[in-house]
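First up is the structure itself, then whatever we jot down about it.
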Amino acid sequence: MFVFSVLLPVLAISLVGYLTLSMRWFESRDADTLTRFTFNLLIPCLLFVSTSRSEFNLRESLSFLAAYYLVVLSMYCLGVLVASRVFHYPPEEQSVYAMGCAYSNTTIVGIPIVAQALGEAALVPLFFIISIQNLVLFAVGTIAAERAHMSTGSILGAIKRLLKQLLGSPITASLLAGLAVNALAIPIWEPLFASVELLAQGAVPASLFVLGMSLGQYHLSRQIVPAVVMTVFNIVLLPLGVWIAMFHVFDVDPVWAGAGVLASAMPVGMSALVFANRYRTGHGVVAAGSLISSVCSVFTLTLILLLLAGHAP
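In this note's numbering, the protein residues as written are 1437 to 1749.
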């Protein structure tokens, strides 16, 4: 019943989003507009509200991030190895493929599922993951893609541009603003905060609706085998590694550990497609991986939710 109550609302709203696009109630440009509205306003409001009034320990936060990203980077390196040795992709396509193996959809899918399964307290560790996800993976991905012809100066320049883009994004800005308000105990006029909270309440359903619409735009390519292997990395090996790291290697709070495991079990993130578009390669296999992992994650998430319920103190 617990798993059913968590996943049914997620699937139902996503299905409505999928049907609105597939039945042409909305056009692709409408999906793009709603996606920008969700990413640039609703989700930042949710991030700000959650981080500005939550309690967290800096040391525990760093331990949590170390446990998560050590596994993520390991999966990325393995993805590059498989893309190189098994599928014989060139460096840029290796990097794009590995991005699909290691980049989980922690925002659009992660926020609703973590909130439903573990409550709002578990959103704080999830937001820590989201805050540096692009920085970590895009920096590593850029180096991997351009390693054959990059100098130290060009690598630093690429990372500098990435940092500038990251700090200018509404998601990062809202997280930093929320953390600043929290750390400095900055008072906020209650009617203003209530207005932001009201917008934040729309983030979860809008994210799920956008997810459904995005699935209607994906298509299976001929590269089914690489896409299936990517899916195994993304929703099987990655959460397995994070589970071991969170529960058995690092001393992570159970709620935070659960949030980390669920975050890692999300399907291939949309940013992996953004990365593929940047290098104009690998888009087909990443899109196929996104579609396959989104469908298969229903089963892997069911198993993980059952395991987390049994692991609860």
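Ideal Cβ placement from N, Cα and C applies to all residues, glycine included. Just so you know, these numbers come straight off a predicted model, no measurement behind them.
Handout entry: isoleucine 1565 and tyrosine 1504 closer than 8 Å at C-beta
Key = Translated into positions along the sequence shown, residue 1565 becomes position 129. Translated into positions along the sequence shown, residue 1504 becomes position 68. Contact check for isoleucine 1565 against tyrosine 1504 passes: the beta carbons are separated by less than 8 Å.
Problem - At least 3 beta-carbon pairs within less than 8 Å: the segment 1577-1584 vs the segment 1528-1541 - result: With the cut-off at 8 Å, the segment 1577-1584 and the segment 1528-1541 touch.
Practice task
Using beta-carbon positions only, say whether alanine 1639 and leucine 1444 come within less than 8 Å of one another.
Solution key: Position 203 of the sequence shown, counted from the start, is the residue given in the question as residue 1639. Position 8 of the sequence shown, counted from the start, is the residue given in the question as residue 1444. It is not a contact, given that the beta carbons lie outside the stated cut-off.
Handout entry: Continuous alpha helix (DSSP H) stretch holding aspartate 1468: start and end
Key = As a position in the sequence shown, residue 1468 is number 32, starting the count at 1. Element bounds for aspartate 1468: 1464-1473.
Practice task
Tell whether a beta-carbon distance below 8 Å holds between valine 1704 and proline 1675.
Solution key: Here residue 1704 refers to the residue found at position 268 when the sequence shown is read from its first residue. Here residue 1675 refers to the residue found at position 239 when the sequence shown is read from its first residue. Cβ distance not < 8 Å, so valine 1704 and proline 1675 don't count as in contact.
Exercise for the section: Pick helix, strand or coil for serine 1490, following the three-state DSSP scheme. Expected result: Counting from one through the sequence shown, the residue named residue 1490 turns up at place 54. DSSP places serine 1490 outside both helix and strand once states are collapsed to three, so it counts as coil.
Handout entry: Rounded Cβ spacing between valine 1721 and proline 1662 (contact assumed at less than 8 Å)
Key = Taking the first residue of the sequence shown as position 1, residue 1721 is located at position 285. Taking the first residue of the sequence shown as position 1, residue 1662 is located at position 226. Between proline 1662 and valine 1721 the Cβ distance is about 5 Å, and since that is below 8 Å, they are a contact.
Handout entry: Rounded C-alpha distance that separates tyrosine 1715 from aspartate 1468
Key = Mapped onto the sequence shown, residue 1715 falls at position 279. Mapped onto the sequence shown, residue 1468 falls at position 32. Cα to Cα, the separation comes out at about 21 Å.
Problem - Beta-carbon proximity check, alanine 1534 vs valine 1508, cutoff 8 Å - result: Working through the sequence shown from its first residue, we reach residue 1534 at position 98. Working through the sequence shown from its first residue, we reach residue 1508 at position 72. Not closer than 8 Å, so no.
Practice task
Hey, could you find the ends of the alpha helix (DSSP H) serine 1610 is sitting in?
Solution key: Translated into the one-based positions of the sequence shown, residue 1610 becomes position 174. Its alpha helix (DSSP H) spans residues 1606-1620.
Practice task
With distances taken Cα to Cα, identify the nearest neighbour of valine 1518 among Val1665, Gly1694, Asn1618 and Leu1554.
Solution key: Taking the sequence shown and counting its residues from 1, one reaches residue 1518 at position 82. When C-alpha distances from valine 1518 are compared across Val1665, Gly1694, Asn1618 and Leu1554, the shortest belongs to Val1665.
Exercise for the section: State yes or no: is the C-beta of asparagine 1618 within less than 8 Å of the C-beta of arginine 1495? Expected result: Your numbering for residue 1618 matches position 182 in the sequence shown. Your numbering for residue 1495 matches position 59 in the sequence shown. Result no, Cβ atoms of asparagine 1618 and arginine 1495 do not sit closer than 8 Å.
Handout entry: Local Cβ density within 10 Å of glutamine 1637, reported as buried at 16 or more and exposed below that
Key = To locate residue 1637, count along the sequence shown from 1; it is residue 201. Burial call: exposed.
Handout entry: Three-way DSSP call (helix, strand, coil) for valine 1545 in this model
Key = Numbered from its first residue, the sequence shown carries residue 1545 at position 109. Here valine 1545 carries a coil assignment [DSSP, helix/strand/coil].
Exercise for the section: Could you tell me which residues DSSP puts in a beta bridge with valine 1704? Expected result: Counted from its first residue, the sequence shown places residue 1704 at position 268. According to DSSP, valine 1704 bridges with Ser1540.
Problem - C-alpha gap between phenylalanine 1735 and isoleucine 1728, whole angstroms - result: For the purposes of this step, residue 1735 is identified with residue 299 of the sequence shown, where counting begins at 1. For the purposes of this step, residue 1728 is identified with residue 292 of the sequence shown, where counting begins at 1. Approximately 12 Å, taken between the alpha carbons.
Exercise for the section: Look up methionine 1750 in the DSSP assignment and say whether it is helix, strand or coil. Expected result: What the structure shows of the chain is the stretch from 1437 to 1749, and residue 1750 is not part of that stretch, so it cannot be assessed.
Practice task
In the DSSP assignment, find the alpha helix (DSSP H) that holds glutamine 1569 and state where it starts and stops.
Solution key: As a position in the sequence shown, residue 1569 is number 133, starting the count at 1. That run of the alpha helix (DSSP H) goes 1559-1582.
Exercise for the section: Would you kindly work out how many angstroms separate the C-alpha atoms of valine 1516 and tryptophan 1679, rounded to a whole number? Expected result: The count along the sequence shown starts at 1 and reaches residue 1516 at position 80. The count along the sequence shown starts at 1 and reaches residue 1679 at position 243. Cα to Cα, valine 1516 sits roughly 22 Å from tryptophan 1679.
Problem - Inter-residue CB distance, leucine 1611 and leucine 1483 (contact presumed, cutoff 8 Å) - result: Residue 1611 sits at position 175 when you count from the first residue of the sequence shown. Residue 1483 sits at position 47 when you count from the first residue of the sequence shown. Taking 8 Å as the upper bound for CB-CB distance, leucine 1611 and leucine 1483 are in contact here, some 5 Å apart.
Problem - Spatial distance of leucine 1501 from serine 1486 (CA atoms) - result: Your numbering for residue 1501 matches position 65 in the sequence shown. Your numbering for residue 1486 matches position 50 in the sequence shown. C-alpha separation (whole angstroms): 18 Å.
Practice task
Report the residue from Ile1449, Ala1708, Gly1536 and Ser1700 whose alpha carbon sits nearest the alpha carbon of leucine 1562.
Solution key: The residue you call residue 1562 lines up with position 126 of the sequence shown. Measuring from the Cα of leucine 1562, the nearest candidate turns out to be Ser1700.
Handout entry: In chain order, each alpha helix (DSSP H) run of at least 4 residues that lies wholly inside the segment 1672-1740
Key = The DSSP assignment places complete alpha helix (DSSP H) segments of no fewer than 4 residues inside the segment 1672-1740 at 1674-1680, 1690-1700 and 1706-1715, in order along the chain.
Exercise for the section: Take the Cβ of serine 1464 as the centre, count every other Cβ of all protein chains shown within 10 Å, and call the residue buried at 16 or more, exposed below. Expected result: Taking the first residue of the sequence shown as 1, we reach residue 1464 at position 28. It counts as exposed.
Problem - Option in Asn1493, Val1442 and Val1452 with minimal Cα separation from aspartate 1687 - result: Counting from 1 along the sequence shown, the entry for residue 1687 is found at position 251. If we check each option's Cα against that of aspartate 1687, Asn1493 comes out closest.
Problem - Check: tyrosine 1715 C-beta below 7 Å from any heavy atom of the ligand FMN - result: By its list of ligands, the structure shown contains no ligand whatsoever, and the ligand FMN lies outside what it can speak to.
Exercise for the section: With a 10 Å radius around its C-beta and 16 neighbouring C-beta atoms as the bar for buried, classify tryptophan 1692 as buried or exposed. Expected result: Against the sequence shown, residue 1692 aligns to sequence position 256. Buried: at least 16 other Cβ atoms inside 10 Å.
Problem - Cβ shell of leucine 1673 (< 7 Å), same chain only, five flanking positions each side left out - result: On the sequence shown, position 237 is the one that residue 1673 refers to. Closer than 7 Å at Cβ, skipping near neighbours: Met1511.
Handout entry: valine 1572 to isoleucine 1624 span [Cα, whole Å]
Key = Locating residue 1572 in the sequence shown gives position 136, counting from the first residue. Locating residue 1624 in the sequence shown gives position 188, counting from the first residue. C-alpha separation (whole angstroms): 32 Å.
Problem - Residue from Cys1481, Val1545 and Glu1491 whose Cα sits closest to the Cα of methionine 1702 - result: Locating residue 1702 in the sequence shown gives position 266, where the first residue counts as 1. Looking at the Cα atoms, Val1545 is the closest of the given residues.
Exercise for the section: May I ask you to report which of helix, strand or coil DSSP gives tyrosine 1525? Expected result: In the sequence shown, the residue the question calls residue 1525 occupies position 89. Coil.
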